[in-house]
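Undergrad: Going by the UniProt record's numbering, the letters in the sequence shown line up with residues 1 to 90, in that order.
We treat Cβ as the ideally placed atom computed from N, Cα and C, and that holds for glycine.
Everything numeric in this text was worked out from a predicted model, so none of it was measured.
Take a look at this one; I'll ask things after.
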Amino acid sequence: MLQEHFGQTLGSKGVHSIAQFEREIMLERQRAGIAKAMAAGKYKGKKPTAKAKAKEVLELHAEGVGGTEIAKRLGIGRASVYRILKEEVA
Numbered sequence: 001m002l003q004e005h006f007g008q009t010l011g012s013k014g015v016h017s018i019a020q021f022e023r024e025i026m027l028e029r030q031r032a033g034i035a036k037a038m039a040a041g042k043y044k045g046k047k048p049t050a051k052a053k054a055k056e057v058l059e060l061h062a063e064g065v066g067g068t069e070i071a072k073r074l075g076i077g078r079a080s081v082y083r084i085l086k087e088e089v090a
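What follows is the structure, given as structure tokens:
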């Protein structure tokens, strides 16, 4: 009984070790690919949309337009509007 349990435990740990090793290889290749793309200038991420509209957010807010309406007009999220307003007040 004990020997049977030992074999099962050892087998499951072996499978786990192989899976972990494969994951590490995959992540290493991913990091190498990202580094190569960055060096080529192709990996830039998404351009910030809300921060680019900060001036417009502040102008509309100064005119008395509410956060939800500002978000609708500019096509950005409400949370982004309030984040911009909070950062400007601070």
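Within the same chain, show all residues whose beta-carbon is closer than 8 angstroms to that of Leu85, passing over the 5 residues directly before and after it, in chain order.
TA: The residues are Val57, Leu58, His61, Gly67.
Undergrad: Nearest-angstrom Cα distance between Lys51 and Gly64?
TA: 20 angstroms
Undergrad: Buried or exposed for residue 100, going by 16 or more other Cβ atoms inside 10 Å?
TA: Look at the range of the chain in this structure, 1 to 90, and you will see that residue 100 is not part of it.
Undergrad: Report the three-state DSSP secondary structure of Thr49 (helix, strand or coil).
TA: coil
Undergrad: Can you check whether the CB of Leu74 is closer than 8 angstroms to the CB of Lys55?
TA: no
Undergrad: Given this structure, state the Cα-to-Cα distance separating residue 91 from Val89, to the nearest angstrom.
TA: Outside the shown range of the chain, which is 1 to 90, sits residue 91, and nothing can be said about it.
Undergrad: So Ile70 is in the alpha helix (DSSP H); what residue range does that whole segment cover?
TA: 67-74
Undergrad: Identify whether Glu63 lies in helix, strand or coil by the three-state DSSP scheme.
TA: If DSSP states are grouped into helix, strand and coil, Glu63 belongs with coil.
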